[in-house]
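Protein chains: 2
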Amino acid sequence: MDKQDDGRIGVVAALVRSTFLVNAVYAESAREHGLTSQQGQLLCVLMARPYGMGELGATLGLAKSSLTGLVDRTERHGLVRRESDPRDTRAVRVGLTPRGGRLAAEFYAETCRRVERLAAGLGPADRDVLAGLLGRVVLDNKVPVVFLEPDEGAPAAREH
Amino acid sequence: MDKQDDGRIGVVAALVRSTFLVNAVYAESAREHGLTSQQGQLLCVLMARPYGMGELGATLGLAKSSLTGLVDRTERHGLVRRESDPRDTRAVRVGLTPRGGRLAAEFYAETCRRVERLAAGLGPADRDVLAGLLGRVVLDNKVPVVFLEPDEGAPAAREH
DNA sequence: CCTGACGATTCGTGCGGCGAACTATCCCGC
DNA sequence: GCGGGATAGTTCGCCGCACGAATCGTCAGG
Chain A
14 MDKQDDGRIG VVAALVRSTF LVNAVYAESA REHGLTSQQG QLLCVLMARP
64 YGMGELGATL GLAKSSLTGL VDRTERHGLV RRESDPRDTR AVRVGLTPRG
114 GRLAAEFYAE TCRRVERLAA GLGPADRDVL AGLLGRVVLD NKVPVVFLEP
164 DEGAPAAREH
Chain B
14 MDKQDDGRIG VVAALVRSTF LVNAVYAESA REHGLTSQQG QLLCVLMARP
64 YGMGELGATL GLAKSSLTGL VDRTERHGLV RRESDPRDTR AVRVGLTPRG
114 GRLAAEFYAE TCRRVERLAA GLGPADRDVL AGLLGRVVLD NKVPVVFLEP
164 DEGAPAAREH
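If you read the protein sequences in the order shown, they are chains A and B. Take 14 as the starting number for the first sequence in the numbering used here and just add one per residue. Take 14 as the starting number for the second sequence in the numbering used here and just add one per residue.
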């Protein structure tokens, strides 16, 4: 073989395997907060603002019937709330309850820490490059905002 | 006010959102092959060689009781097979059936194509850099081989 | 032998995801 | 106004997924 087993892998395998890694970290962080991955994801999306059910389906890539159940269960835990939209009687706006907001912030922060730790072996410059390249992939493929920017709402712009 | 569409996002958000993206692509590819994500992942792992149940649990990060069901369902579809280990009567070796091997190869190849396409906006040099950085993250965190290298599928999965 | 440790399955529970069918509302054109 | 198609959500039934606890048979060390 011309290619030695020095640990270098292709971009496809790297993407798939890092996905597996982040999935596991995300799920574990959620679990320790008493959430499932899906519920955690729902909270993270709602951190930005309330969403309608259809909007949520589009963002999370779920059928509307799947969403009813997810919101039901999360609502049952007192983390989200359905409010009726005054402009459209059919529609519903799903938003965080105070408790849901607090839990979302905790879960979000802890998950950030853990994902950050995954890249601990990379220096600041490397991280910046990685963020740039992955960010371009995310943008090119129009990935919904299922995870906010860490400093969203805070002026703590950063050197990296 | 949201200044996040200038294209630059942090490394954490980039990782989480690209994970979301790859998850979706993986699941869709699996679905079109009549598989669930988990079954597809199982097939991909078994492309390398047969595994014991416990070994599979460690690789996929699942409890052994979860694995029994997953292997059951996949076996019911004729894609994998349980062989008893001659060295240890208790143990079981799970391997691909011929049909499972063919389907695994198809699913694997198609999934590779689609993931590759996600990075279509990156030039060859950028892809190489991305692969290197993500590869280091994968190595540093000892991610199991849940997805082979594109060119090491054929030689390993021969005998048995 | 006996006694742990080990590999795997079974069982019960709850979550997750889907499509099809349904209800209620909205809005457009007339 | 008023019909009728589009739209927003829910309900229902089905299956897959994941887990812990309990169980069974086997292996190996004393």
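Glycine included, every Cβ here is placed at the ideal spot set by N, Cα and C.
Chain A residues whose Cβ lies nearer than 8 angstroms to that of B/Thr81: Position 68 of the second sequence, counting from 1, holds the residue named residue 81 of chain B. Simply none; closest approach about 20 angstroms.
Looking only at C-alpha atoms, which of A/Gln52, A/Gln51, A/Leu143, A/Gly65 sits nearest to A/Pro99? As a working note, residue 99 of chain A is residue 86 in the first sequence. Of the listed residues, the one whose Cα sits closest to A/Pro99 is A/Gly65.
Measure how close the beta-carbons of A/Val107 and A/Leu131 come, nearest whole angstrom, since I'm counting them as under 8 angstroms. The residue labelled residue 107 of chain A in the question sits at position 94 within the first sequence. The residue labelled residue 131 of chain A in the question sits at position 118 within the first sequence. Rounded, the Cβ-Cβ distance is 30 angstroms, inconsistent with contact.
Please list, in chain order, the chain A residues whose beta carbon lies closer than 8 angstroms to that of B/Glu162. Mapped onto the second sequence, residue 162 of chain B falls at position 149. Ile22, Gly23, Ala26, listed in chain order.
Looking only at DSSP bridge pairs, what is B/Glu96 linked to? In the second sequence, residue 96 of chain B corresponds to position 83, counting from 1. According to DSSP, B/Glu96 bridges with B/Arg106.
Cβ pair A/Asn36, B/Asn154 closer than 8 angstroms: Taking the first residue of the first sequence as position 1, residue 36 of chain A is located at position 23. Taking the first residue of the second sequence as position 1, residue 154 of chain B is located at position 141. For A/Asn36 and B/Asn154, no; Cβs fall outside 8 angstroms.
Helix, strand or coil for A/Gly23? Go by DSSP, reduced to three states. Locating residue 23 of chain A in the first sequence gives position 10, counting from the first residue. Coil.
A/Val159 by DSSP, collapsed to three states: which one? Counting from one through the first sequence, the residue named residue 159 of chain A turns up at place 146. Residue state, collapsed to three classes: coil.
Beta carbon proximity, A/Asp9 to chain B, threshold 8 angstroms: Only positions 14 to 173 of chain A appear in the structure, and residue 9 of chain A is not among them; the question remains open.
With 9 angstroms as the limit, tell me which residues of the region 139-152 of chain A have their beta carbon closer than that to any beta carbon of chain B; keep them in chain order. Asp139, Arg140, Asp141, Val142, Leu143, Ala144, Gly145, Leu146, Leu147, Gly148, Arg149, Val150, Val151, Leu152
Are the Cβ atoms of A/Ser31 and B/Val150 separated by less than 8 angstroms? In the first sequence, the residue the question calls residue 31 of chain A occupies position 18. In the second sequence, the residue the question calls residue 150 of chain B occupies position 137. Contact: yes.
Do you know how far the Cα of A/Val159 is from the Cα of B/Ile22? Taking the first residue of the second sequence as 1, we reach residue 22 of chain B at position 9. Taking the first residue of the first sequence as 1, we reach residue 159 of chain A at position 146. When rounded, the distance between both Cα atoms is 13 angstroms.
Could you check which residue in A/Arg94, A/Ala26, A/Arg62, A/Thr124 has the C-alpha nearest to that of A/His46? Position 33 of the first sequence, counted from the first residue, corresponds to residue 46 of chain A. When each option's Cα is compared against that of A/His46, the closest is A/Thr124.
Note down, in chain order, all residues in the region 43-76 of chain B with a beta-carbon under 7 angstroms from any beta-carbon belonging to chain A. Gly74
Cβ of A/Ala132 within 8 angstroms of any chain B Cβ: Here residue 132 of chain A refers to the residue found at position 119 when the first sequence is read from its first residue. Chain B contact via Cβ: present.
Do A/Val24 and B/Arg140 come within 8 angstroms of each other at the CB atom, strictly closer than that value? Taking the first residue of the second sequence as 1, we reach residue 140 of chain B at position 127. Taking the first residue of the first sequence as 1, we reach residue 24 of chain A at position 11. Yes; because the gap between Cβ atoms is below 8 angstroms, this pair is in contact.
Look up A/Gly65 in the DSSP assignment and give the residues it is bridged to. Taking the first residue of the first sequence as position 1, residue 65 of chain A is located at position 52. For A/Gly65, which the question treats as bridged, DSSP gives the partners A/Arg106.
Am I right that A/Tyr135 and A/Leu143 are in contact with their C-beta atoms under 8 angstroms? What's the rounded C-beta distance? Locating residue 135 of chain A in the first sequence gives position 122, where the first residue counts as 1. Locating residue 143 of chain A in the first sequence gives position 130, where the first residue counts as 1. The amino acid at residue 135 of chain A is misidentified as Tyr; the sequence shows Leu. The Cβ separation is near 7 angstroms, so the contact holds.
By a C-beta neighbour count over all protein chains shown, 10 Å radius and 16 as the cutoff for buried, is A/Ala117 buried or exposed? Numbered from 1 along the first sequence, position 104 holds the residue referred to as residue 117 of chain A. Result: buried.
Of all the CB atoms in chain A, is at least one closer than 8 angstroms to the CB of B/Arg30? As a position in the second sequence, residue 30 of chain B is number 17, starting the count at 1. Yes, B/Arg30 lies at the interface with chain A (some Cβ there is under 8 angstroms from its Cβ).
Flag B/Cys125 as yes if its beta-carbon sits less than 8 angstroms from any beta-carbon of chain A, otherwise no. For the purposes of this step, residue 125 of chain B is taken as the residue at position 112 of the second sequence. Judged by the 8 angstroms Cβ criterion, B/Cys125 is in contact with chain A.
Do B/Thr72 and B/Asp84 come within 8 angstroms of each other at the CB atom, strictly closer than that value? Along the second sequence, read from residue 1 onward, the residue named residue 84 of chain B stands at position 71. Along the second sequence, read from residue 1 onward, the residue named residue 72 of chain B stands at position 59. Asp is not the amino acid found at residue 84 of chain B; the sequence shown has Val there. It is not a contact, given that the beta carbons lie outside the stated cut-off.
For A/Thr102, count the other beta carbons within 10 Å of its own beta carbon; 16 or more makes it buried, fewer makes it exposed. Which is it? Residue numbering aside, residue 102 of chain A sits at position 89 when the first sequence is read from its first letter. A/Thr102 comes out exposed.
Proximity of A/Gly148 and B/Ala27 at Cβ, strictly below 8 angstroms: The count along the first sequence starts at 1 and reaches residue 148 of chain A at position 135. The count along the second sequence starts at 1 and reaches residue 27 of chain B at position 14. It is a contact, given that the beta carbons lie within the stated cut-off.
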